[in-house]
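Protein chains: 2
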Amino acid sequence: MNRNRIENVMKRTDCDALLISDPIAICYLTGARLYPGERFLALLLKKNEAPKLFLNTLFPLKPIEGLETVSYSDGDDITKLVSEHVSRDDVLGVDKDLRARFLLPMIKARIAKEFTDGSLPVDKTRAVKDEKELELMRTSSRINDAAMERFKGLVYEGVEEQEIAAQMLDIYKELGAQAYSFPPIVAFGKNAADPHHMPDDTKLKAGDAVLFDVGCVYEGYCSDMTRTFFFKKGPNEIQRKVYELVRKANEDAAATVKEGVRLCDIDKTARDVIEQGGYGKYFTHRLGHFIGIEDHEYGDVSASFKDLTEENNIFSIEPGIYDPETLGCRIEDLVVVTKDGCEILNRYPHDIEIIG
Amino acid sequence: MNRNRIENVMKRTDCDALLISDPIAICYLTGARLYPGERFLALLLKKNEAPKLFLNTLFPLKPIEGLETVSYSDGDDITKLVSEHVSRDDVLGVDKDLRARFLLPMIKARIAKEFTDGSLPVDKTRAVKDEKELELMRTSSRINDAAMERFKGLVYEGVEEQEIAAQMLDIYKELGAQAYSFPPIVAFGKNAADPHHMPDDTKLKAGDAVLFDVGCVYEGYCSDMTRTFFFKKGPNEIQRKVYELVRKANEDAAATVKEGVRLCDIDKTARDVIEQGGYGKYFTHRLGHFIGIEDHEYGDVSASFKDLTEENNIFSIEPGIYDPETLGCRIEDLVVVTKDGCEILNRYPHDIEIIG
C-alpha cells in the first residue's frame, strides 16, 4: 500500500468514490501485482475509508496492511458486490478502461448517483514521480546510456537491422535491466526517415545514418532514448545542417523546461527551431510523451496539450526531421521537471559521431 | 467483408444497432486487421444498412467492398461522430469490452434510447465455424498431431522441461504453423499434477509422467491438445487405473457430443466417469472451452453452461486427474459438433505410451 499516492489521488478528485480497474494503476497504488485477465478486478477508493480490492478467489494475494480485500467467486453478481460498498448518493468515478460488461449493469442498477471518468486523478498522480521512482528512472536511463555505447559496437558493413536488434535484449540484461520498455527501433539510411520503422533485413553501408530508438525496464521503470549516428563516413553539408537543427531543437526545448510552464510551449520551442530552419513539414509528430511504469503514460508534449508541468514530471523530448532525400534523424532524452529547470536523465552526448 | 457472418450476427440480436469494438471480432466480420491501441475503433452494424467502420486516419486501410469507413482524427469528438450514425430511438448493443472512456460520454449524450451488452450475438456466431474455418482448424490440429510425434523425440534422462519447451516453436514453424496458440505446458512427474504448470528447470527421470499441453496457430486458427506419456518405465497398477479413467472420461464424453445437447451434460458424462472411479476431487477444472481464432473463446463445457451445442461448434474435451501422490494426467482433443455426432480433430492415439 502506498498511502501517499492514494492521498494524492483523492486530493485531485471531486468524486465521492473511485473505482480503479487498471492493473498497473492498482499495483502503483497498493503494491498488488494482479493480472486476472477477463475477470473483474477493481480498487475502490473513498475519502476516510480503507481502500477495498475486489478480487476473484482464484487469484491468491498475500495480505497488504491497510487494504481490505472483498473476495468473490466465478458466478457471483459483481454489480451487487460493488453496490454493497458504494452509496446510491455517490458520484462514482470509474476507470477509463472499465469494460462495458461491468459498467453497464452498474449503471442499470443505479448503484451510484452519477458515473464519470475517474482516471485523471490517478494519471496525474502517476505523472509526478516520488523519490523512489526518480531513483529507478535514473538507473533505468543510466543503463540505457551504457547500452547505447554497446550498441554502437554491433555495426559492421552489411549487417542487417534485425541482426542488431536481436542482440539488444541480452546486452540490457547484462547491464542489469529486465526487459525492453518497447521493441527497439534500428533504422539504417532512408529507413531512419520513418519514425516508426521496424528493424528488417536492410543491410548497413558506408554513409548510412544509423538510428537507435531504444529503452529498457529496470525494476518496473522505463527508459527511452534515441541517437542518430553515421556509419564510416561523416554527414555531408546538408545532413550536418539537419542534424544540428534537430540537436538545437532538443536542447532549446530542454532549456525551457521548469515547473509551471505549458507543455504545448515546450513543443513550440522545438517546432519553431525546425520550422525556422526550413524543415517544419518533416517534423511530423509530437515533441514527447510522459513515461514511467509504462513507456507511454498519460501526458503529452504537443500543441494540443495545454497542461502546466509539475515538479517531478518525467517526459521525453524527441524532435526529429524525416526527409527521405536528405536524412532521417531524431535525438531523444528523458527529462525530469525541477522547480527551476530540469534534470536530463540521459548523459549520452548529442555530438555528431561516426561509428564503425 | 464476410456478409454471411454479419447476417448471422444480426439474426441473433434484438438490438437496432451493434457497436463492436473488439479488433478480433472486427477482423472476423470484415477482414480488416486493425490494432489501434488506445484509439477508438468500432464497427457499427444496423439491419439493412452497410456496415460502418469508425477508424482513426493514422491507420491506413485498403478499401473493403461493402464496408463504409468513417474516418476521424486525434482530437475529434468520438461521441458526436458515432451519434451521427445512430438514432436516438435505437437500442444500441455495445461490445462487452467497450471502455468507459468511450461508453460514458455516449450514455451522457443519450445518443441511443438504451445501451446494452451486444457481444453475445457476435460470440455465438464465432462459435459456429464456417467451411473455411473448419478447414483451417483441421489443418491446425493436423500440424499439432505431427508436432506431438516430434516432441516425444526431445526427451532424454536429465533434460529440463524448459529446454524442451524452448524447441517447440521451431518445430511448429517447420511443420507450417506460424505461432503458439498459448505458451506450451511441459510437465514432468509431480508437476503434471498442476494443471497450469509452467515449464521450469525440473529434470526428467525414469518413471516420470511427461505431460505436453500444446497448440499452434495456423493461418489465424488455433489448435490445442494434451497427451500424457511415461518416460522409460510404464505406469504402475494404480497409475494405469488413473490413466484409463481419464481416457474413458475423454472418450465417453466425446461419444455424447452431437447437435442439440447441453454442454453441461457433456461435462457431466466425463465427471461421472472420474467420480465413479473415486477420483472426483482430483478433476478440478471444467471439461473444456471453445476455441477458434483465440485459444479460449466464448463458450464452456462446464456444469454452469447450459447452452445447447450447435452444428460446427468446436471445443476441447480435456478431462484430467491431478493426484500428486499418484499421477497427474490429462488427455485433451478438439471436437467439431456434427448433426449426429462429432468429428475429433486430433488423431494422435490415446493409448498408454512409454517414450525415451
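Respectively, the protein sequence lines represent chains C and B.
All residue numbers for the first sequence refer to the working numbering, where the first residue is 330 and numbers rise by one.
All residue numbers for the second sequence refer to the working numbering, where the first residue is 330 and numbers rise by one.
Each residue gets a CB set at the ideal place from its N, CA and C atoms; glycine is no exception.
Partner residues on chain C for residue i, Cβ-Cβ distance less than 8 angstroms
i	result
Asp424 of chain B	Ala429
Leu432 of chain B	Ala429, Leu432, Leu433
His407 of chain B	Checking the sequence, you will find Ile at residue 407 of chain B rather than His. Here the premise fails: no neighbours, minimum Cβ distance about 13 angstroms.
Ile440 of chain B	Residues of chain C passing the Cβ test: none, with the nearest at roughly 14 angstroms.
Residue nearest to residue i in terms of C-alpha spacing, selected from the options
i	options	result
Leu370 of chain B	B:Asp601, B:His625, B:Glu464, B:Cys356	B:Cys356
Leu637 of chain B	B:Ile643, B:Val590, B:Glu604	B:Val590
Asp553 of chain B	B:Pro380, B:Glu367, B:Asp418, B:Leu674	B:Leu674
Met330 of chain B	B:Phe388, B:Ile393, B:Glu566, B:Arg368	B:Ile393
Ala456 of chain C	C:Met497, C:Leu421, C:Ser645	C:Ser645
Ala354 of chain C	C:Leu504, C:Gly447, C:Gln491, C:Ala584	C:Gly447
Asp405 of chain C	C:Leu433, C:Pro389, C:Glu548, C:Asn385	C:Asn385
Glu661 of chain C	C:Glu654, C:Leu410, C:Ile436, C:Ser470	C:Ser470
Phe511 of chain B	B:Asp523, B:Ala521, B:Met497	B:Met497
Lys340 of chain C	C:Lys376, C:Pro380, C:Gln568	C:Lys376
Met477 of chain C	C:Arg556, C:Gly536, C:Pro528	C:Arg556
Gly609 of chain B	B:Ala582, B:Lys635, B:Asp424, B:Pro648	B:Pro648
Asp474 of chain C	C:Cys551, C:His526, C:Gln491	C:Cys551
Pro524 of chain B	B:Glu588, B:Asp452, B:Phe541	B:Phe541
Ala578 of chain C	C:Lys587, C:Glu490, C:Glu604	C:Glu604
Glu672 of chain B	B:Arg368, B:Pro678, B:Glu623, B:Ile643	B:Ile643
Ala506 of chain B	B:Asp529, B:Tyr485, B:Val546, B:Val488	B:Val546
Lys437 of chain C	C:Lys409, C:Asp424, C:Glu462	C:Lys409
Arg368 of chain B	B:Arg428, B:Gly360, B:Leu358, B:Thr398	B:Arg428
Asp403 of chain B	C:His679, C:Glu640, C:His614	C:His614
Pro365 of chain B	B:Phe383, B:Thr359, B:Leu348	B:Phe383
Gly606 of chain B	B:Ile650, B:Leu592, B:Tyr627	B:Ile650
Euclidean distance between Cα positions of residue i and residue j
i	j	result
Tyr509 of chain C	Arg334 of chain C	26 angstroms
Tyr501 of chain C	Gly544 of chain C	9 angstroms
Lys481 of chain B	Cys344 of chain B	51 angstroms
Tyr572 of chain B	Ile681 of chain B	8 angstroms
Lys668 of chain C	Arg467 of chain C	18 angstroms
Leu421 of chain B	Leu374 of chain B	10 angstroms
Asp652 of chain B	Leu616 of chain B	17 angstroms
Val415 of chain C	Leu363 of chain B	38 angstroms
Glu378 of chain B	Glu413 of chain B	14 angstroms
Lys458 of chain B	Gly621 of chain B	8 angstroms
Pro352 of chain C	Gly657 of chain C	37 angstroms
Arg430 of chain B	Ser350 of chain B	13 angstroms
Arg569 of chain B	Glu460 of chain B	39 angstroms
His526 of chain C	Phe612 of chain C	15 angstroms
Ile472 of chain C	Leu504 of chain C	6 angstroms
Gly395 of chain B	Val451 of chain B	19 angstroms
Glu588 of chain C	Arg659 of chain C	25 angstroms
Arg676 of chain B	Thr454 of chain B	27 angstroms
Asn565 of chain B	Leu483 of chain B	24 angstroms
Val539 of chain B	Phe559 of chain B	6 angstroms
Ala583 of chain B	Asn337 of chain B	27 angstroms
Ala495 of chain C	Thr585 of chain B	50 angstroms
Val411 of chain C	Val575 of chain C	52 angstroms
Ile567 of chain C	Thr531 of chain C	24 angstroms
Pro380 of chain C	Lys561 of chain C	59 angstroms
Glu462 of chain C	His618 of chain C	17 angstroms
Gly487 of chain C	Asp499 of chain B	26 angstroms
Residues that residue i contacts on chain B, provided the C-beta gap is smaller than 7 angstroms
i	result
Asp446 of chain C	Ala429, Arg430, Leu433
Chain B contact residues for residue i, given Cβ-Cβ distances below 8 angstroms
i	result
Gly404 of chain C	Ser633
Ile673 of chain C	Ordered by position in chain B, no residue passes the 8 angstroms Cβ test against Ile673 of chain C, which lies about 28 angstroms from the chain.
Residue i CB to nearest heavy atom of the ligand NAD below 7 angstroms
i	result
His679 of chain B	You won't find the ligand NAD in this model; it holds no ligand whatsoever.
Chain C contact residues for residue i, given Cβ-Cβ distances below 7 angstroms
i	result
Ile514 of chain B	Those within 7 angstroms of Ile514 of chain B in chain C number zero; the least Cβ separation is about 17 angstroms.
Ile472 of chain B	In chain order: nothing, as chain C lies at least about 26 angstroms away.
Within chain B, partners of residue i - CB distance below 9 angstroms
i	result
Ile393 of chain C	Those within 9 angstroms of Ile393 of chain C in chain B number zero; the least Cβ separation is about 24 angstroms.
Ile353 of chain C	What Ile353 of chain C touches in chain B: nothing, since even the nearest Cβ is about 13 angstroms away.
Per-residue contacts from residue i into chain C (C-beta, under 9 angstroms)
i	result
Ile335 of chain B	Correct list: empty, because the minimum Cβ distance to chain C is about 21 angstroms.
(message) Would the segment 619-631 of chain C count as touching the segment 582-599 of chain C if we require 3 or more Cβ pairs under 8 angstroms?
(response) yes
Legend entry - Runs of alpha helix (DSSP H) lying entirely within the segment 443-487 of chain B, each at least 4 residues, in chain order: 449-455, 460-481
In chain order, which continuous runs of the beta strand (DSSP E) of length 3 or greater are located wholly inside the segment 605-658 of chain B?
617-619, 626-630, 643-646, 649-652
#### Entry: Touch test, the segment 513-526 of chain B against the segment 436-446 of chain B, Cβ-Cβ under 8 angstroms, three pairs minimum
no
### Minimum length 3: unbroken beta strand (DSSP E) runs contained in the segment 500-557 of chain C
514-517, 538-543, 545-547
Q. Residue ranges of each alpha helix (DSSP H) run of no fewer than 4 residues wholly in the segment 569-605 of chain B, ordered along the chain?
A. 592-605
Checklist entry - What are the uninterrupted segments assigned as alpha helix (DSSP H) that are 4 or more residues long and contained completely in the segment 332-361 of chain C, given in chain order? => result 332-340, 352-359
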